[in-house]
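Residue numbers (my numbering), protein chains in the order written: chain Y, 1 to 112; chain U, 1001 to 1116. Idealized CB from N, CA, C, for every residue including glycine. This one's a predicted model, so the numbers in the text were calculated from it and none came from an experiment. The block underneath contains the structure these notes are about, expressed in structure tokens.
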Amino acid sequence: GDSVTQMEGPVTLSEEAFLTINCTYTATGYPSLFWYVQYPGEGLQLLLKATKADDKGSNKGFEATYRKETTSFHLEKGSVQVSDSAVYFCALSPPGGDKVIFGPGTSLSVIP
Amino acid sequence: GAGVSQSPSNKVTEKGKDVELRCDPISGHTALYWYRQSLGQGLEFLIYFQGNSAPDKSGLPSDRFSAERTGGSVSTLTIQRTQQEDSAVYLCASSQFSGGQSYEQYFGPGTRLTVT
């Protein structure tokens, strides 16, 4: 079945460091891909998405590119801030479906 | 506009009791989802509604769990004879009907259930 794998962390970075959180998926066809973020004490919210191969989603300095050949959707940010400390979830939605399948989440802590 | 709301925000119950968790989706969103997030775990899909019907109940962990949705709006997740392993944060999300396209899910703040 469809699934999402991501590095589980926790990841600890210093402020202004470069961030990569790896995400790979297994799915038939061309799913839509998402990154959701959960800030401490808050609900999940969509960070960015891509709906077809080679699309790049971006938001708040974060980027992820839909790579069909490697079935990946890695999240990157060039310079992280303390306010980026959160749990990040990679997710997919199969083509034609409404279910969203989430990865286990990656906890990020950014220290000053 | 108002987002997805859930009530109660926290619920402590004794083992063996029944609980009801409520979700009010965003107005006009026809799709509604329930997930469970246990401590240190990812999101576990429970059930999905399109309108008032639930085409996918595959995630319900046991027959103690049930859910309904009325009027294409409010949904209730009921857990009967609660067990300690039911302790988790129960999240509700809603989205526009996809019709083959995946729309963003908007999440509520969750209900933290503790079974003692």
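Min CB distance residue i to chain Y below 8 Å
| i | result |
| --- | --- |
| Leu-1021(U) | no |
| Gly-1108(U) | yes |
| Leu-1113(U) | no |
| Gly-1042(U) | yes |
| Leu-1060(U) | no |
Assigned exposure category for residue i - 16 Cβ within 10 Å defines buried
| i | result |
| --- | --- |
| Asp-54(Y) | exposed |
| Arg-1036(U) | buried |
| Pro-1061(U) | exposed |
| Pro-31(Y) | buried |
| Pro-40(Y) | exposed |
| Gln-113(Y) | Look at the range of chain Y in this structure, 1 to 112, and you will see that residue 113(Y) is not part of it. |
| Arg-1069(U) | buried |
| Phe-1049(U) | buried |
Where residue i meets chain U, residues with beta-carbon distance less than 7 Å
| i | result |
| --- | --- |
| Leu-46(Y) | Glu-1104 |
| Lys-99(Y) | Phe-1045, Tyr-1048 and Asp-1056 |
| Phe-102(Y) | Gly-1042 and Leu-1043 |
| Gly-105(Y) | Gly-1042 |
C-beta neighbour in chain U for residue i, strict 8 Å
| i | result |
| --- | --- |
| Phe-62(Y) | no |
| Phe-18(Y) | no |
| Gly-29(Y) | no |
| Phe-73(Y) | no |
Beta-carbon spacing of residue i, residue j below 8 Å
| i | j | result |
| --- | --- | --- |
| Val-1012(U) | Thr-1116(U) | yes |
| Cys-90(Y) | Val-4(Y) | yes |
| Ala-1093(U) | Gly-1071(U) | no |
| Tyr-66(Y) | Leu-33(Y) | yes |
| Trp-1034(U) | Leu-1046(U) | yes |
| Gly-105(Y) | Val-87(Y) | yes |
| Tyr-1090(U) | Leu-1021(U) | yes |
Under 8 Å from the C-beta of residue i: neighbouring residues of chain U
| i | result |
| --- | --- |
| Pro-112(Y) | Those within 8 Å of Pro-112(Y) in chain U number zero; the least Cβ separation is about 25 Å. |
Which residues DSSP lists as bridging residue i, in chain order
| i | result |
| --- | --- |
| Gln-38(Y) | Leu-44(Y) and Val-87(Y) |
| Leu-1046(U) | None, per the DSSP bridge assignment. |
| Gly-1(Y) | According to DSSP, which records beta bridges pairwise, Gly-1(Y) is partnered with nothing at all. |
| Val-1012(U) | Thr-1114(U) |
| Asn-59(Y) | Phe-62(Y) |
| Ala-1088(U) | Leu-1113(U) |
Chain-ordered neighbours of residue i on chain Y, where CB pairs are closer than 9 Å
| i | result |
| --- | --- |
| Leu-1091(U) | Gly-43 and Leu-44 |
The ligand FMN heavy atom lying under 7 Å from the CB of residue i
| i | result |
| --- | --- |
| Arg-1022(U) | The ligand FMN is not part of this structure, which contains no ligands at all. |
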